[in-house]
Amino acid sequence: MNWNGHYLDGRSAHRQPVSVGVTAGGLEIVTHDAVLRRWPYAEIRQTQGRYAGEPVRLERGRAPAEVLIVSNPHFLTTLRESAGDYSSRFYDPRRRGRRMLLTLGAGVAAVGLAAGLYLWGIPALALVATPLVPPAWEARLGDEIYARLVSSEDRCSDPERQRLIEAILARLTGNGGAGPYHLRLTVVDWPQVNAFALPGGHILLLRGLLDSTDSPEMLAGVLAHEVQHILRRHTTRALIQHASSSLMVAAIAGDVSGLVAFALEGARVVGALNYSRKAEEEADAEGLRMLLRAQINPAGMIAFFDRVVRKEDGREPEGIWRYLNTHPSHTQRVATLKALAANAPVGPPLLAGHDWNDVKRICGG
Amino acid sequence: VPAGPEAPTLPEIGVAEVAWPAPTVAGAHRLTFHGRAGSLFGIHIVNVFLTLVTLGVYYFWGKARVRRYMFGQAEIDGDRFAFEGRGLEMLIGFVKAGVLFGLPLAALNYAPPLLGADTMVTAASSLVAYALVLVLIPTARSGARRYRLSRTSWRGIHFSFRGRTLTFVRLYAGGSLLSVLTLGLYYPVFATRNHAFLTGHSYVGGARFEFAGRGTDLLVSFIYAVLLTLPTLGLVWFWFAAAKRRYFWEHTRLGQARFRSTITGGRLLRLKLGNLVIILLTLGLGWPLASVRTARFLCRHIWLEGVVDPAAIRQELQTANATGEGLLGLFEADLDLG
């Protein structure tokens with residue numbers, strides 16, 4: 001049986017209608033009852049025709065290759081039957097059904113892999129890679145951020161009170177507790193109740209938070225938490241996680257325009273919040289341990305979080321929003337802290353003989 | 366019958382060619398896109414899986430598969446296009462571009478602050494990095510075009526891009542600076558000159574695509590678009606983009622034939638808005654549908670009109686490597702889809 005198709009000689013775009021005979025040794029390309037070409041199966045490669053409805057395209061030779069195109073969908077089956085040992089050079093149309101199943105399987109596996117990478121792969125990579133970043137780089141990055149974030153007039157500079165607050169920090173870190181980092185504390189004249197740790201050693205304590213503490217022990221709890229962010233290099237870890245999850249998103253988005261990447265970036269940001277919640281939990285637990293090692297009464301830290309809970313009562317995030325929050329649930333935080341602090345030995349109180357309400361006026365007023 | 370590689374004799378071929386003289390086809394040569402979003406989605410799923418398993422290495426093979434599919438689904442005058450690019454060469458191109466250009470660029474940007482260099486050194490090296498980008502983007506564009514066209518064929522005849530990279534770099538860097546200096550007014554001229562260079566040095570076999578547009582022709586539409594940006598909330602730019610594309614296509618010829626286009630602002634807006642909705646509603650998973658819609662749109666609204674003599678399109682092979690393709694990958698997502 002002969003098949004209708006057309007032949008391209010690789011020299012011009014002229015197409016020649018041909019009839020193709022499928023023989024035991026190869027294809028016979030016949031035009032006007034004369035044999036134009038004989039193609040042995042061993043020299044033929046198929047470049048199109050894997051998908052239903054796509055004509056079969058066969059090529060032979062190096063570039064510029066000769067091309068033979070046959071549209072009849074049954075041609076491929078006959079070709080495979082006749083090609084004997086070389087049948088694997090041609091796509092088996094029966095595989096189209098199986099390909100559907102394989103695709104589905106690949107889809108399920110891809111979702112599983114992406115989840116695995118997100119839950120374990122990327123955090124593990126960040127854990128391994130973070131210690132490789134020199135602390136000096138972190139310090140420079142931190143200095144850079146610090147210089148841009150806090151203008152010099154916002155920095156509260158009262159040397160006497162600053163010394164007292166730094167004494168709390170010194171008690172926490174003790175001898176060599178700060179590792180390779182030079183910790184620098186700045187009280188910033190902003191009203192928000194918050195504190196930040198920058199990579200490499202800067203701790204920014206906002207006036208609003210300082211004002212809301214009742215005792216040096218309360219502040220010590222906050223500082224211990226921030227010091228842990230620095231020592232555990234959470235910012236550096238977050239940067240590495242950001243870079244690698246961006247790469248994963250790029251792998252999923254594939255060869256596409258910026259729009260898709262943009263849609264997926266949203267998913268990545270939501271995912272990153274989970275990583276940061278874990279970092280907060282770690283800073284809580286390790287911060288409390290640090291407090292206990294320094295024999296500072298943990299009641300202050302717990303009371304502080306307790307107050308935040310009461311203040312935010314009714315605003316406690318519920319359901320899905322709990323996971324979209326960067327900080328762990330406060331109720332949960334307090335419960336964990338209380339469990340960790342039970343029966344801890346307590347040393348002398350912090351800043352004995354100083355009026356805490358006076359120390360708090362470091363920003364004047 | 367033993368099948369030999371060169372079994373037929375020359376007189377036989379001669380007979381055949383006389384019997385079927387090369388037909389010269391007049392009239393409209395329409396493009397048809399046969400691709401289906403479902404098939405493309407299947408290819409994409411497998412690509413994602415293999416890319417994750419290989420920690421990203423398969424990405425380039427996946428890219429090749431998507432292009433092979435998309436090109437193979439576009440047909441004109443009864444024959445489909447073919448893309449022959451290989452994953453390995455794209456991987457090599459990417460690595461080469463990364464080592465040759467990506468690393469120096471990253472070093473210029475990040476090394477001075479990390480090593481604690483003073484502000485002057487940091488600023489100077491950032492400036493060098495900017496200048497380098499201005500050179501690398503046109504290098505990437507023309508290199509990627511050279512690669513893509515060389516791997517694309519129709520009726521077995523390969524396309525090629527033969528513009529000199531250095532000429533394009535000069536055109537691009539000069540045009541960018543002029544656009545900034547004229548507060549953007551030079552942009553339509555710049556865009557047209559870029560297009561003229563990229564199109565005018567493109568060939569299918571030995572047949573050249575000729576572009577006869579002048580940059581000043583788009584200037585009036587451009588000024589209208591600038592003036593109407595606020596009252597139309599920016600939507601006027603779809604009409605400008607459509608006018609630009611129509612102008613570019615309608616001033617492009619291939620031999621005796623000329624390209625025609627019916628892309629309008631309304632149609633372009635519907636296409637892009639539809640794609641946006643699809644992608645946002647599916648969180649990006651629907652991009653194969655968006656790609657197929659775009660390809661169908663282009664095939665429906667661009668065609669070639671006039672006499673084409675296929676026998677006159679002779680093969681002329683040009684070499685190209687994938688470094689420019691890899692370099693473009695460093696800078697931006699793909700331009701040909703979406």
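Which chain is which? The protein sequence lines are H and P, in order.
Residue 343 in the working numbering sits at position 343 of the first sequence; the count goes up by one each step and never skips.
Here the working numbering = 1-based position in the second sequence + 365.
Glycine is no exception: its CB is placed at the ideal position from the N, C-alpha and C atoms.
Return the CA-CA distance between residue i and residue j, expressed in angstroms with no decimal places.
i       : j       : result
E66(H)  : L79(H)  : 18 Å
P73(H)  : R95(H)  : 14 Å
P93(H)  : W652(P) : 27 Å
A283(H) : G200(H) : 16 Å
R361(H) : A224(H) : 21 Å
L543(P) : D154(H) : 43 Å
D313(H) : V642(P) : Reliability of the predicted coordinates at D313(H) is poor, the pLDDT of 49 falling under 50, and the value obtained from them is presented with this limitation in mind. Roughly 39 Å between the two C-alpha positions.
E575(P) : T564(P) : 7 Å
N2(H)   : T419(P) : 44 Å
P55(H)  : V460(P) : 35 Å
R558(P) : W519(P) : 27 Å
H242(H) : M248(H) : 10 Å
Y434(P) : A496(P) : 37 Å
G458(P) : G691(P) : 5 Å
C363(H) : L465(P) : 53 Å
L441(P) : A447(P) : Reading the sequence as shown, one finds Ile at residue 441(P) and not Leu. The straight-line gap from Cα to Cα measures roughly 12 Å.
G21(H)  : G97(H)  : 28 Å
E280(H) : A335(H) : 15 Å
A538(P) : H616(P) : 25 Å
Suppose the cutoff is 7 Å on Cβ atoms and the five residues either side in sequence are ignored; what does the same chain contact list for residue i look like?
i       : result
T530(P) : T504, S507, G508
L352(P) : The structure shown does not extend to residue 352(P), since chain P is modelled only from 366 through 703, so no value can be given for it.
H354(H) : L164
A402(P) : P653, L654, V657
S374(H) : In this structure chain H extends from 1 to 365, so residue 374(H) is not present and cannot be described.
R511(P) : F526, A685, G689
Spatial neighbours of residue i within its chain, please: CB distance less than 6 Å, with the 5 preceding and 5 following residues excluded, ordered by chain position.
i       : result
L415(P) : Y423
W704(P) : Nothing can be reported for residue 704(P), as the shown portion of chain P is limited to 366 through 703.
R513(P) : none
Check whether the Cβ of residue i lies closer than 7 Å to any Cβ atom in chain H.
i       : result
S404(P) : yes
Y512(P) : no
F574(P) : no
V390(P) : no
R529(P) : no
T617(P) : no
T416(P) : yes
R520(P) : yes
I410(P) : yes
G421(P) : yes
G508(P) : no
A387(P) : Per-residue confidence for A387(P) stands at a pLDDT of 49, beneath the threshold of 50, marking its modelled position as unreliable; the derived number appears in the next sentence. So yes, A387(P) belongs to the interface.
G639(P) : no
Any beta-carbon of chain P closer than 7 Å to the one on residue i?
i       : result
G107(H) : yes
T103(H) : yes
P64(H)  : yes
R11(H)  : yes
R15(H)  : yes
V373(H) : Outside the displayed span of chain H (1 to 365) sits residue 373(H), for which this structure offers no information.
A110(H) : yes
L79(H)  : no
L198(H) : no
Identify, in the order they occur along the chain, each residue of the same chain with its Cβ nearer than 8 Å to the Cβ of residue i, setting aside the five sequence neighbours on each side.
i       : result
V545(P) : none
W602(P) : A590, T594
L288(H) : G221, A224, P298, M301, L337, L340, A341
A303(H) : D214, M218
T487(P) : P477, P478
Can you find a C-beta in chain C that's less than 7 Å from the C-beta of residue i?
i       : result
L113(H) : No chain C is part of this structure, whose protein chains are labelled H and P.
### Query
Using Cβ-Cβ distances below 8 Å, what residues of the region 438-467 of chain P are close to chain H?
Of all residues in the region 438-467 of chain P, only Q438, G443, D444, R445, A447, E449 place a beta-carbon less than 8 Å from a beta-carbon of chain H.
### Task
Mind checking the region 118-151 of chain H against chain P and listing, in chain order, the residues whose C-beta falls within less than 7 Å of any C-beta there?
The region 118-151 of chain H vs chain P, Cβ under 7 Å: W137, R140, E144.
### Members of the region 35-55 of chain H near chain P, C-beta cut-off 8 Å
So the close ones are V35, L36, R37, R38, W39, P40, E43, T47, Q48, Y51, G53, E54, P55.
### Query
Between the region 675-691 of chain P and chain H, which residues of the former have CB atoms less than 7 Å from a CB of the latter, in chain order?
Under the 7 Å Cβ criterion, the region 675-691 of chain P contributes P675, A676, I678, R679, Q680, L682.
### Query
Are the region 284-302 of chain H and the region 201-209 of chain H in contact at 8 Å, needing three or more beta carbon pairs?
no
### Message
Would you call the region 476-483 of chain P in contact with the region 134-142 of chain H, where contact means no fewer than 3 C-beta pairs closer than 8 Å?
### Response
yes
### the region 475-502 of chain P: positions lying closer than 9 Å to chain H by Cβ
Close to chain H, meaning a Cβ-Cβ distance shorter than 9 Å, are the following residues of the region 475-502 of chain P: P478, L479, L480, G481.
### the region 82-89 of chain H contacting the region 35-44 of chain H, beta-carbon criterion three pairs below 8 Å
yes
### Task
Check whether the region 119-130 of chain H touches the region 169-187 of chain H, counting contact only when three or more Cβ pairs, one atom from each stretch, lie closer than 8 Å.
Too few Cβ pairs lie closer than 8 Å, so no.
### Message
Output needed in chain order: residues of the region 596-610 of chain P with a Cβ under 8 Å from some Cβ in chain H.
### Response
none
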